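Numbering (this note's numbering), first residue to last: 10 to 216.
As structure tokens, this is what we get:
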């Protein structure tokens, strides 16, 4: 069964955050709360972890994984951002938005969409997620924890532990944002295209 770790939502305990990060560095797969439901994640170069996430989500190699980043500087080193989108991303982060962009050479090829060489990236507005990514010192490779046949991300740690305790290694218990999955904005073509309407204000877009 997975380790069930309860981390304080406002003041994450450094000892518990380090425990989770040590496990991630050893190759574990984690379910963790974010500002838009739970995500399932592993470290960026963890091929086995990536395959396990694909199996749990039942998605193919065209699925866009998302880099959970600590800040804009970290995000900017992994994706190609043209000047016209710099202000957009700065204005919307941290928050419940996922941006699809071309990956840089720093992103493992296995992580990218094989045809478009794109990847999702986001900066969540969630203290537990931010504490884990900050301690890790690099983005987490993640996917929203939406089970096959469902439309909404999972939102309760104890339910995840009951249902997926044999499929993941760690379940971090904590509150999540209540507005559903992230809004997905595809920037890879040079225009901002809304791929999925979810949490987050989209009134600035012509949709």
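By construction, the Cβ of each residue, glycine as well, lies at the ideal position given by its N, Cα and C atoms. Bear in mind the structure is a predicted one, so any value in this text is a computation, not a measurement.
Exposed or buried, which one is residue i when buried takes at least 16 other CB atoms within 10 Å?
i, result
"residue 82", "exposed"
"residue 74", "buried"
"residue 61", "buried"
"residue 79", "buried"
"residue 37", "buried"
"residue 221", "It is not possible to answer for residue 221, since the shown part of the chain is limited to 10 through 216."
"residue 93", "exposed"
"residue 168", "exposed"
"residue 217", "Lying outside 10 to 216, the shown extent of the chain, residue 217 is not represented and no answer is given."
Verify the contact flag: residue i, CB atom, against every heavy atom of the ligand GDP, threshold strictly below 8 Å.
i, result
"residue 94", "The ligand GDP is absent from the structure shown, which contains no ligands of any kind."
DSSP on residue i, reduced to helix/strand/coil?
i, result
"residue 202", "strand"
"residue 116", "coil"
"residue 124", "coil"
"residue 95", "helix"
"residue 44", "strand"
"residue 191", "strand"
Report all residues from its chain with a CB closer than 6 Å to the CB of residue i; omit the five preceding and five following residues, and keep chain order.
i, result
"residue 135", "43 and 44"
"residue 8", "This structure cannot speak to residue 8, because the chain is shown only from 10 to 216."
"residue 67", "157"
Are the CB atoms of residue i and residue j nearer to each other than 9 Å?
i, j, result
"residue 171", "residue 39", "no"
"residue 195", "residue 201", "yes"
"residue 127", "residue 197", "yes"
"residue 76", "residue 145", "no"
"residue 98", "residue 21", "no"
For residue i, which residues does DSSP report across the bridge?
i, result
"residue 77", "131 and 149"
"residue 13", "180"
"residue 50", "39 and 151"
"residue 111", "127"
"residue 210", "Answer is none; residue 210 lacks a bridge partner."
"residue 88", "112"
Leaving out the 5 sequence neighbours to the left and right, which residues in its chain are closer than 8 Å to residue i when beta-carbon positions are compared?
i, result
"residue 192", "105, 106, 107, 203, 205, 206, 207, 208, 209 and 211"
"residue 14", "25, 28, 29, 179, 180, 181 and 182"
"residue 53", "76, 116, 117, 120, 147, 148, 149 and 150"
"residue 188", "45, 105, 207, 208 and 209"
Which residues in the same chain as residue i place their Cβ atom closer than 7 Å to its Cβ, once the five residues preceding and following it in sequence are excluded?
i, result
"residue 89", "110, 111 and 113"
"residue 56", "119"
"residue 140", "21 and 26"
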